[in-house]
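Trainee:
Numbering (my numbering), first residue to last: 112 to 323.
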């Protein structure tokens, strides 16, 4: 988000929906992309002076901890009322957990976001295998959707790597594969760090995504 430009308001059937349990999507589970989208709007409103610090913190916490669309709808309604929204796809699919086609991933708002995201990928190379991504997630995950996305991805990869290492260590073939797997892990961590520094998205292959 550059300057104070407001992200385009994504419509629930053409506009910002009124909050309420009767809305057809209110009970559906939200994805990380859904939360991040609303967080961008909250940050834009704060940058424009439409929210004070207390209001910003309150809406940010509610957005980041939302479970269903009924939790996010009141936040958008508070920011925009029921005014018509510009045509842009709102990121929820049939089940509320899949982004619709055309949804853009969380963007880096500053160079600090990119550095923080890269640190989540690269800190494991210093020996902080799980702690590195976890530290970045806890330190900046609530304020930067971009860092959160990369930290969660890196954390899931490191957990998968450790789990696979434990399982492979008890087999003869696994002992041979372990060095290859860890070398591949180092290479992928570097690729992830470079991708995040460039402001892009990165997903590790063959990764169990236990942390959301």
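All C-beta atoms in this analysis are idealised placements derived from N, C-alpha and C, irrespective of residue type, glycine included. Remember, it's a predicted structure, so these values are computed and weren't measured experimentally.
1. Out of 225, 277 and 235, which has the shortest C-alpha to C-alpha gap to residue 297?
2. Please go through the same chain and pick out, in chain order, the residues whose beta-carbon is closer than 8 angstroms to the beta-carbon of residue 285, but skip the five residues on each side of it.
3. For a minimum of 4 consecutive residues, which ranges assigned as the alpha helix (DSSP H) are wholly contained in the segment 156-187?
4. Apart from the five residues on each side of it in sequence, which residues of its chain come closer than 7 angstroms, Cβ to Cβ, to residue 252?
5. For residue 259, name the three-state secondary structure that DSSP assigns.
6. For a quick check, are the C-beta atoms of residue 299 and residue 229 less than 7 angstroms apart?
7. Give a yes or no on whether the C-beta atoms belonging to residue 322 and residue 242 are separated by under 7 angstroms.
8. Excluding the 5 residues preceding and the 5 following residue 207 in the sequence, name in chain order all residues of the same chain whose CB lies nearer than 8 angstroms to its CB.
9. So the alpha helix (DSSP H) residue 300 belongs to, where does it begin and stop?
10. If you draw a straight line from the alpha carbon of residue 303 to that of residue 176, how long is it in whole angstroms?
11. Apply the 10 Å Cβ neighbour rule to residue 225 and answer buried if 16 or more other Cβ atoms are within range, or exposed otherwise.
12. Considering only DSSP beta bridges, list what residue 140 is partnered with.
13. I need the straight-line Cα distance from residue 313 to residue 288, nearest angstrom please.
14. Cutting at 6 angstroms between CB atoms, please list the residues of its own chain near residue 272, excluding the five before and the five after it.
15. Would you mind stating whether residue 148 and residue 190 have Cβ atoms separated by less than 7 angstroms?
16. Could you work out which residue in 231, 264 and 156 is closest to residue 316 when comparing CA atoms only?
17. For residue 188 and residue 248, what's the separation of their Cα atoms in angstroms?
18. Measuring straight from C-alpha to C-alpha, what distance separates residue 294 and residue 155?
19. Let me know the secondary structure DSSP gives residue 191 once reduced to three states.
Mentor: The answer reads as follows:
1. Here the question's residue 297 lines up with position 186 in the chain shown. Ranked by how close their Cα comes to the Cα of residue 297, the residues 225, 277 and 235 have 235 in first place.
2. Residue numbering aside, residue 285 sits at position 174 when the chain shown is read from its first letter. Hits under 8 angstroms: 278 and 279.
3. Counting only runs that start and end inside the segment 156-187, the alpha helix (DSSP H) elements of at least 4 residues fall at 164-175.
4. Residue numbering aside, residue 252 sits at position 141 when the chain shown is read from its first letter. Cβ within range, chain order: 258, 259 and 262.
5. Walking along the chain shown from the start, residue 259 turns up at place 148. Correct three-state label for residue 259: helix.
6. As a first step, residue 299 is located in the chain shown; it is residue number 188 there, counting from the start. As a first step, residue 229 is located in the chain shown; it is residue number 118 there, counting from the start. Not a contact, by the Cβ cut-off of 7 angstroms.
7. Working through the chain shown from its first residue, we reach residue 322 at position 211. Working through the chain shown from its first residue, we reach residue 242 at position 131. It is not a contact, given that the beta carbons lie outside the stated cut-off.
8. Taking the first residue of the chain shown as position 1, residue 207 is located at position 96. Residue confidence for residue 207 is low, a pLDDT of 36 falling below 50, so the modelled location carries little weight and cannot support an answer.
9. As a position in the chain shown, residue 300 is number 189, starting the count at 1. Here the alpha helix (DSSP H) through residue 300 covers 283-308.
10. In the chain shown, counting from the first residue as 1, residue 303 sits at position 192. In the chain shown, counting from the first residue as 1, residue 176 sits at position 65. Across the structure, residue 303 and residue 176 are spaced so that their CA atoms are roughly 26 angstroms apart.
11. For the purposes of this step, residue 225 is taken as residue 114 along the chain shown, with counting starting at 1. With 16 or more other Cβ atoms within 10 Å, it is buried.
12. Reading the chain shown from its first residue, position 29 is the one you call residue 140. 179.
13. Here residue 313 is taken as the residue at index 202 of the chain shown, counted from 1. Here residue 288 is taken as the residue at index 177 of the chain shown, counted from 1. If I take the Cα positions, the gap works out to 24 angstroms.
14. Along the chain shown, one-based indexing puts residue 272 at 161. Within its own chain, the residues whose Cβ lies closer than 6 angstroms to the Cβ of residue 272, once the five positions on either side in sequence are excluded, are 296, listed in chain order.
15. For the purposes of this step, residue 148 is taken as the residue at position 37 of the chain shown. For the purposes of this step, residue 190 is taken as the residue at position 79 of the chain shown. No, Cβ-Cβ distance for residue 148 and residue 190 is not below 7 angstroms.
16. Your numbering for residue 316 matches position 205 in the chain shown. Among 231, 264 and 156, the Cα nearest to that of residue 316 is on 264.
17. As a first step, residue 188 must be located in the chain shown, where it is residue number 77. As a first step, residue 248 must be located in the chain shown, where it is residue number 137. The alpha-carbon atoms of residue 188 and residue 248 are separated by roughly 28 angstroms.
18. Along the chain shown, read from residue 1 onward, the residue named residue 294 stands at position 183. Along the chain shown, read from residue 1 onward, the residue named residue 155 stands at position 44. Each residue's Cα considered, the two are about 41 angstroms apart.
19. Translated into positions along the chain shown, residue 191 becomes position 80. Three-state DSSP puts residue 191 in a helix.
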